[in-house]
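To keep things clear, I will list the structure first and then write my remarks on it.
In the working numbering, the protein residues as written are 3 to 224.
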């Protein structure tokens, strides 16, 4: 028996060893979260022996049925209407997508750039919110790169807790984490009373920028 959690462990190793373009689990594990074996579509240009070597530590735990295909071949077969690939598209679950990582990182940098731009205009609330968004996207990008499956989480403290499970080391003071999370909770006027900082000041905006810059630098985005 193999579970989705174990599938993510396999994905984590493949990401470290072969740097694939994409990893997609299909079959019973994708549909039900568990199954008798693990069905994987591995998009990579690496040799078969390299893939097999990366998977070797798991063979004694459960059966792995995998298909390797290059990104070019995948695109060609999909355009031809391959029934097998259509099935995977409908039922499969993406464990890793390389292009997705690039987009998450680009958006994190864009949010940070917007925060800086808004600071010049004196829009302190906008600065704080965009700084928080930059941090959220940067952390998610790093987690996705380690095989994490995307979840709807906006809380920075929660995301940083998850990073520990993936061997990601980020240092941020507890009070700074609370500050950034308060920024997100107070993004709408109706919630202003929940914020200890209420309407953000210039000092709050400077602090948000500093915290975001530190995080992005630690994750090698700046």
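Every residue gets a Cβ at the ideal spot worked out from N, C-alpha and C, and that includes glycine.
(message) For the pair the segment 118-133 and the segment 76-91, tell me if three or more CB-CB distances fall below 8 Å.
(response) no
(request) For residue 98, count neighbouring C-beta atoms within 10 Å of its own C-beta (all shown protein chains included) and say buried if the count is 16 or more, exposed if not. (result) By the 16-neighbour rule on beta-carbons within 10 angstroms, residue 98 is buried.
(request) Leaving aside the five residues before and after residue 87 along the sequence, list all residues of the same chain whose C-beta is less than 8 Å from its C-beta, in chain order. (result) Result list for residue 87: 76, 79, 80, in chain order.
(message) Less than 8 Å between the C-beta atoms of residue 209 and residue 183, yes or no?
(response) Contact flag unset, no.
(request) Could you have a look at residue 183 and say whether DSSP puts it in helix, strand or coil? (result) Helix, per DSSP.
(message) According to DSSP, simplified to helix, strand and coil, what is residue 192?
(response) The predicted position of residue 192 is uncertain, since its pLDDT is 48 and thus under 50; no value can be drawn from it.
(message) Would residue 57 and residue 12 be called neighbours here (beta carbons separated by less than 8 Å)?
(response) yes
(request) Work out the CA separation of residue 217 and residue 167 for me, nearest whole Å. (result) 18 Å
(request) Could you please give the first and the last residue of the uninterrupted alpha helix (DSSP H) stretch that includes residue 113? (result) 100-123
(message) I need the boundaries of the alpha helix (DSSP H) containing residue 86, first residue and last residue.
(response) 85-93
(message) Suppose you measure from the CA of residue 114 to the CA of residue 63; what does that come to, to the nearest Å?
(response) 44 Å
(request) Give the range of the beta strand (DSSP E) segment to which residue 44 is assigned. (result) From DSSP, the beta strand (DSSP E) with residue 44 extends over 39-45.
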